[in-house]
Structures are given as structure tokens and as C-alpha cells.
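The numbers in my numbering rise by one with no breaks, and the one at position 47 of the sequence shown is 119.
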Amino acid sequence: MGLSKLSVTYKNKIIYYIINNDLDSDVQLYVIENILKEYPKDATIDIIDKISITELTRPTLDNIIKQSKNEKTN
73 MGLSKLSVTY
83 KNKIIYYIIN
93 NDLDSDVQLY
103 VIENILKEYP
113 KDATIDIIDK
123 ISITELTRPT
133 LDNIIKQSKN
143 EKTN
């Protein structure tokens with residue numbers, strides 16, 4: 073399974089999203105566009121293609137989820 077990491081930097085916070093590369097490119101684009109419509113045009117976007125599966129350990133995923141939840145409440 074191929075995965076990419078999308079990071080969005082806005083108001084000095086970084087929010088991470090995991091994108092499944094096995095989806096058709098039009099589906100990937102749709103998903104990314106739907107994520108980005110929640111942010112203003114001046115948000116900084118970065119995509120890291122083909123992240124290592126070792127980077128996606130359970131603690132890493134849990135940290136991404138916690139970080140995302142904390143940033144949404146702050």
C-alpha cells in the first residue's frame with residue numbers, strides 16, 4: 073500500500089493527513105481538494121510522497137490523531 077503525508081501549515085500549526093496512493097488520481101485529488109477547502113489560500117501545503125510503512129506505527133498514528141484533535145480545540 074502506498075501512502076503519502078499531506079501537511080497543512082496554518083496559524084503556526086501543522087496538521088497532518090495520510091493519503092492513500094492506491095486510489096485513482098482523480099479520487100486522490102478530490103480528497104485533497106476537500107481537505108484544503110477548510111483552509112484559506114495562504115495556508116502552506118506540503119506533500120511527502122511514499123512515506124515508509126515504519127513511519128506509520130500505532131504510536132505515530134495515535135500522535136497524529138491527538139495532535140489534530142488538540143489543534144482543532146485550541
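Even glycine gets a Cβ: it sits at the ideal position worked out from N, Cα and C. The structure presented is a predicted model; accordingly, all values stated were derived computationally and were not measured.
Straight-line gap, residue i to residue j (C-alpha atoms, nearest Å)
i	j	result
L95	N84	30 Å
Y82	K113	10 Å
V80	I117	5 Å
E105	K138	23 Å
Q100	A115	19 Å
Y111	K141	16 Å
K122	K77	8 Å
I87	V103	15 Å
D98	Y89	17 Å
Per-residue burial, residue i [other beta carbons within 10 Å of its own, 16 or more giving buried]
i	result
I119	exposed
I91	buried
Nearest-angstrom Cβ-Cβ length linking residue i and residue j, presumed shorter than 8 Å
i	j	result
L75	N93	6 Å
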